[in-house]
Structure formats: C-alpha cells, structure tokens
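Peer 1: Quick one: this structure, given as structure tokens, is what I'll be asking you about.
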Amino acid sequence: MAEKVLMKGNEAIAEAAIIAGCRHYFGYPITPQTEIAAYMAKRMPKIGGTFLQAESEIAAINMVYGVSAAGKRVMTSSSSPGISLKSEGISYLAGADLPSVVVNCQRGGPGLGGIQPSQSDYFQATRGGGHGDYHMIVLAPASVQEMAQLTIRGFELADEYRMTSMILADGTIGQMMEPVSFDFEIKEAPEKPWATTGTQMKREHNVVNSLYLVPDVLEAKNFERYEKYAMICEKEALAEEYMLEDAEIVVAAFGIAARVAKNAVNAARAEGIKAGLIRPITLWPFPEKTFKKALGTAKQFISVELSMGQMIEDVRLATGCAVPVTLCKRAGGMIPSPEQVYNSIREAAGKAGE
Amino acid sequence: MTRELLFAGFGGQGLLFSGKVIAYKGLIEDKNVSWLPSYGPEMRGGTANCSVILSDDPVGAPIISNPDVLVAMNLPSLDKYEPMVKPGGSIFVDSSLIERKVTRDDVNVYYVPATKLAGDNGVPTLANMILVGKLLQVFGEYDEELVKKALGKCISARHADLLDLNLKCMEIGRDYE
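Here it is, written out as structure tokens:
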C-alpha cells in the first residue's frame, strides 16, 4: 500500500484528477476551494498539462466544454457563487452529452454569502442547476481520502455516461488535512469516437452541439437521455450504512454533516437508543433503496444538513413519508455540533428532557 | 484513546504549522488524525487557530467543541477557549504574551515564556515550536526520532536549515522547567 500523506481535501482532489489522467484544468479563484487551482498551477506545467486561470467562471466552464469535445479528461472547480455562474455551461455540457468533472466546495449563501462551509447547494446540484431537463452525477465525499477516491470515480462515471460528475464538497472537507493514500487502480478512459479530433479525411465530421431546433428531435434526445438516467439510478446509487440493522431512529446526512452525525449516533447507542446512519455517497442518483430498506425498523428519520433543509425532501420522497422525517440544521456557514444532533436523536426517541 | 488539541493565537505565529507537526507525528505513529484550520474572517482579523484530533478510532467530526489540550499564544484566544477546555485537560500559555493567569482550577496549566525564550535564542519566530516541545514532554511523548521525522514531513528539503532550528526550539521547550 502506498504511503499515506497528510493533505488538504482540496489538494487531494487536484492530485486525484491528475492521477485520473486529467491534463486540462480551468479555474478562477474563490475561497474555500482555491487550493485546487493553486495545486494545478504548480503541477500541470511539470507534467505537460494545461493550467489556465480564466477571466471568469463562465469562461472556465466553456473551456471545459472545448476540451471535453476534443475527447480529453478535463476539470474545473469553484465554490457556490462561482458554480451558479458555471451553471449555464453545465447545461450546455449536458445538452451536448459531454463528460466533465466539476467540483463545488460549498460555502454559505445565497448571494455572495460567506466563506464558511455549507451544504445549501444540494438542490442546485441534484436537480441539475442550469436550465433544461438534465442531471449531473453528484458525489459527496466525507473525508480527504474520499475526496481523492470520488474524484477518480467521477472521471470514470463522466466518461462512461457522457455527462458531468459533480464533486459536492464543502469548506470543511476542502480545508482539512487527513491522511490520504493514492493507491488507486486507474481505468483507462474509454474510446471517444464522437470527439472532434479531426477527420484525417477518413470519416464524416463529428458535430458536438446542444442546439436542436426541431422539437420532436429534441424531445427524442431528452427521452434518450432519461433512459440513460434511469439506468444510472438503477446501477450507481451508493450509500454508507452505519448501525442500521435494528435502527429505529435513522439519521440521514452526507459529507461533513455525516461525520458529526456519526459521533451523535455513537453517543446515542452508548445510551441504548437504537440509532443508525445512512450516508448518501451519491446524492444523484439518491440511494432510495437504502432508505426503503431502513423502513423495516425505522420509526423516524432525521435529516442533518448544513442548510435550511434540502435533502430532507429526497428522504421524504424515498420513504414515501411512511414515518415522520424531521430536520436538524445549521445554516449560513455554521455546523451542527454532535450534541445538537444527539439531542435531536434523544427527542425522537422520546427521551428529551430526561 | 482520543486527544483533541486546539492551537490558537495570532496569524503568523505558526499555530497551523505546530498543529501539522503534531498531526504528522500522529500519522507516523499510525494514529487516525485530522487537522482543521480556521480560514474564516477571524483569520483575516488576526486570530488563527487549528484543531487537531489524534485517535485510535476513526475520527468523526473534525471540529472540536471541548479540547483536551489548548495552546494559547494570545489573550483573546485564552479568553475565548479557556472555558471550553475539558475538566482535567491541559492549557499551555505563552506567558511572555499573556499576562493573566488561567482562572480555572480543574485543568493543568503550563506557563512557558515561549516568545521570550525564542527571542533570547535568536529565533523569535519559532516560539510556537517551544510550546510544542513542552507539550510533548508533558505527555511523555517527546521521542527524538519521531519528532525529527514529523518535522521532516512538514519542512521541504530546500529548507533543511530550518529543520534544525525548529528542532532546537522544540528541545528548548522540552527542557524548560
């Protein structure tokens, strides 16, 4: 096994992208993700890659479109307000069925908001973000090791399904250092016969485009894309299950919130409360089956979020509101404490105030 | 066992670096570790802190509400974090920068005039490492080989001369009574 090094989550994303074969990165600085750009600026020139600080987020995402159309692995990264700017380009990428990896190291919003960690871009990420009918594959790392691992997975999924993978991180996981090992088996990028690499006078022109003016043709494109999405929902949903076998109070949390929640679940278990945790690793597709399975023992779900309550809607949809679903939240850059989550669990277990 | 350490003071005093050395030492000893810096407005306003967790178990939340150990290098940090230290925990105070005493009587307190000692030894910017040396000595964890290895991970080969200075300061801290 490769030696473990201490690295910031943001740096781990950048290194993992390079390991995955990404040689083109376009970005624009914004706290708390700037270490990704800084790392790329240092490393890319040494390995024959391209680092470019664009004039804006919008320019960067359109450069991503260009490289992706030419068949190469490419990444951009930003934080919440910057992702809003990129959303137009992400929609175009979806409309042209182009693979890409986009990192959102979230901060508090709306507007310019703050620079502290948040999960309030959940709706934006899981519903697509830009205009039109489309989805991104949304991966939610909860450790520095997963920042690396899911970035590599993100490139694989993007190429396999010809769509954007978003790494939905937050300021805490981006800024913290933990041991990480880069001992990964890398799958070669698949052939991309659709890429605009020059015909060499040997084939017809490839056209990469998102403009379809004839409505029934555009409809057919959308239908086709949604068949692909249905297959992804079937095959790629992923969640960590923690102490779920007999769990009556099931906490749902992703990313940094899941780490806080795990402390609280442990404390509740120590007190004899049957608590468990579902940590969605893919936010889209949402791991509905895991939630349905948990309904076997669950009497209540608690969605723990660094937002005013966004994932809670998917928890309700996945469980068909068969049992109550409540919210434990902080917003604006604040993080719930393990005590706050623990108290929510106690309340759900009918032990509040005891 | 889990130990949660909070390093707090002004930006520029090397608190993030101190935390990194402790975290790397933990990693070399095969512990689970996390290191989380402040990067918010408080950092820009002058105070900086970082949270380090060392544990035999996987680290849950990297955020520390009640540290076992506080290293305080300015008064605002001691004022803010003294009440949060766990009963029975330890506070390391740079007594050349903080005039007041710790008011709690349920914690172990170590006063080290680190900034003065660093200045006297011609390395005024390395007071942080004097406190780290003292901290490791107090916990009986000052292992010279490990300390050297951890410093080696935190200081690039280009700056090897700084490694010796850091080591010297850690020894000053270790030997301070």
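These protein sequence lines are chains P and E, in that order. The first sequence: position 31 = 31 (our numbering), numbered continuously. The second sequence: position 40 = 40 (our numbering), numbered continuously. Where is the CB? At the ideal position from N, CA and C, for every residue including glycine.
1) Examine the ligand HEM and report whether any of its heavy atoms sits within less than 8 Å of the Cβ of P/Leu-85.
2) Answer with buried or exposed for P/Pro-285, where buried requires no fewer than 16 other C-beta atoms within 10 angstroms of its C-beta.
3) Select from E/Leu-5, E/Gly-119, E/Met-170 the residue whose C-alpha is nearest the C-alpha of E/Lys-148.
4) For P/Met-176, which three-state DSSP category applies?
5) Closer than 9 Å between beta carbons: that is the criterion. Which residues of the stretch 98 to 127 of chain E meet it against chain P?
6) Taking C-beta pairs closer than 8 Å, name the residues in chain E that P/Met-147 reaches, listed in chain order.
7) Measure the C-alpha to C-alpha separation of E/Val-69 and E/Ile-98 and round it to an integer number of angstroms.
8) Taking only three categories from DSSP, how would you classify P/Tyr-25?
9) In angstroms, rounded to a whole number, what distance separates the CA positions of E/Ser-51 and E/Leu-151?
10) So within the stretch 18 to 86 of chain E, which uninterrupted alpha helix (DSSP H) runs reach at least 4 residues, ignoring any that extend past its ends?
11) Identify the contact partners of P/Asn-356 in chain E, using a Cβ-Cβ distance below 8 Å as the criterion.
12) Within this structure, are the beta carbons of E/Leu-163 and E/Ile-155 separated by less than 9 Å?
13) Looking only at C-alpha atoms, which of P/Lys-289, P/Ala-322, P/Ile-83 sits nearest to P/Met-166?
14) What is the DSSP secondary structure of P/Pro-45, reduced to helix, strand or coil?
15) Where does the unbroken beta strand (DSSP E) through P/Tyr-229 begin, and where does it stop?
16) Could you check what DSSP says for P/Ser-210 in three-state terms: helix, strand or coil?
17) Identify the contact partners of E/Tyr-81 in chain P, using a Cβ-Cβ distance below 9 Å as the criterion.
18) Check whether the stretch 166 to 182 of chain P and the stretch 5 to 14 of chain P touch, using three or more Cβ-Cβ pairs below 8 Å as the test.
19) Inspect the beta-carbon positions of E/Val-102 and E/Leu-78 and report whether they are closer than 9 Å.
20) By the three-class DSSP mapping on this structure, what secondary structure does E/Cys-154 have?
21) Any beta-carbon of chain E closer than 9 Å to the one on P/Gln-33?
22) Which chain P residues are close to E/Pro-37, counting only those with a beta carbon under 7 Å from its beta carbon?
23) Among P/Asp-121, P/Leu-85, P/Ile-13, which residue has its Cα nearest to the Cα of P/Val-74?
24) Residues of chain E with CB under 9 Å from P/Ile-36, in chain order?
25) According to DSSP, is E/Cys-169 helix, strand or coil?
26) Counting only beta-carbon atoms, is E/Leu-15 nearer than 9 Å to chain P?
27) So which residues on chain P does E/Ser-65 lean against when the C-beta distance must stay under 8 Å?
28) Using a Cβ-Cβ distance cut-off of 9 Å, determine whether P/Leu-355 contacts chain E.
29) Distance, Cα to Cα, E/Leu-135 vs E/Ala-23?
30) For E/Ser-55 and chain P, any beta-carbon pair shorter than 9 Å?
31) I believe P/Leu-218 touches P/Ala-294 by the beta-carbon criterion, under 8 Å. Please report the beta-carbon distance rounded to the nearest angstrom.
32) Should P/Cys-321 be labelled buried (16 or more other beta-carbon atoms within 10 Å of its own) or exposed?
33) Taking 8 Å as the limit between beta carbons, can you name the residues of its chain near E/Ser-34, skipping five residues before and five after?
34) Below 6 Å CB to CB, which residues in the same chain sit around P/Asp-314 once its five sequence neighbours on both sides are set aside?
35) How would you list, in chain order, the residues of chain P whose beta-carbon sits under 8 Å from the beta-carbon of E/Ser-34?
36) If I follow the unbroken beta strand (DSSP E) through E/Ala-8, where does it start and stop?
Peer 2: Well, looking at it:
1) Absence of the ligand HEM from the depicted structure is noted, as is the absence of any ligand whatsoever, leaving it without description.
2) Buried, since its Cβ has 16 or more Cβ neighbours within 10 Å.
3) Relative to the Cα of E/Lys-148, the nearest Cα in the group E/Leu-5, E/Gly-119, E/Met-170 belongs to E/Met-170.
4) coil
5) Cβ contacts with chain P: none found.
6) Chain E residues near P/Met-147: none, gap ~13 Å exceeds 8 Å.
7) 17 Å
8) strand
9) Taking the straight line from one Cα to the other gives about 18 Å.
10) 41 to 44, 75 to 81
11) A query on residue 356 of chain P cannot be resolved here, the shown segment of chain P reaching from 1 to 354 and no further.
12) Against a cut-off of 9 Å, the Cβ pair of E/Ile-155 and E/Leu-163 comes out as a contact.
13) Looking at the Cα atoms, P/Ile-83 is the closest of the given residues.
14) helix
15) Run containing P/Tyr-229: none in the beta strand (DSSP E); it sits in the alpha helix (DSSP H), 215 to 236.
16) coil
17) Annotation: E/Tyr-81 has no Cβ neighbours in chain P at a cutoff of 9 Å; minimum Cβ distance is about 15 Å.
18) Yes, since at least three Cβ pairs between the stretch 166 to 182 of chain P and the stretch 5 to 14 of chain P fall closer than 8 Å, the two stretches touch.
19) yes
20) helix
21) no
22) In chain order: Gln-175.
23) P/Ile-13
24) In chain order: nothing, as chain E lies at least about 14 Å away.
25) helix
26) no
27) Ser-337, Pro-338, Glu-339
28) Past the edges of chain P, shown from 1 to 354, lies residue 355 of chain P, and the structure says nothing about it.
29) 13 Å
30) no
31) About 39 Å; that fails the 8 Å criterion.
32) The residue is exposed, with fewer than 16 neighbouring Cβ atoms inside 10 Å.
33) Ala-23, Ser-51, Val-52, Ile-53, Val-59, Pro-62
34) Phe-286
35) Met-176, Met-177, Glu-178
36) 2 to 10
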